[in-house]
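Take a look at the structure below.
In our numbering, the protein residues as written are 3 to 133.
Structure follows, in structure tokens:
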């Protein structure tokens, strides 16, 4: 289960981003909402964006892995996912629009590629069943 490795690494990334939100909340004494604080808004969006895009990508990876594709494809997808999410989070934290856009492009292109691979493998299995 290669996807389990990347799910675990992504979970740790989400924990790190969550701890970042907590730290900013404590620093500015904001218990609920964002209090109009730009630093907290950025931390919350970095965390939220990760929790929005990581699950669907992991699901697509898991489904593809269960079709029995080459292991290197799943590893490449996992490394790409982590890379894109880390670049995006750094871009949000540092207000670097180029990194934000790059991280988002990496993630979205990965989701598109995984979706296409799943559709192609499904179509091949459906049109040319082994049994």
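Every residue, glycine too, gets a C-beta built ideally from N, C-alpha and C.
Just to check my reading of the structure: residue i and residue j have Cβ atoms closer than 8 Å, yes? What is that Cβ distance to the nearest angstrom?
i: residue 113; j: residue 24; result: With a Cβ gap of about 29 Å, residue 113 and residue 24 do not count as contacting.
Under a three-way DSSP split, which group does residue i fall into?
i: residue 43; result: helix
i: residue 106; result: helix
i: residue 69; result: coil
i: residue 97; result: coil
Looking at residue j and residue i, is the spacing between their C-beta atoms short of 7 Å?
i: residue 65; j: residue 119; result: no
i: residue 32; j: residue 19; result: no
i: residue 102; j: residue 52; result: no
i: residue 62; j: residue 116; result: yes
i: residue 60; j: residue 13; result: no
i: residue 129; j: residue 11; result: no
i: residue 105; j: residue 90; result: yes
i: residue 26; j: residue 48; result: no
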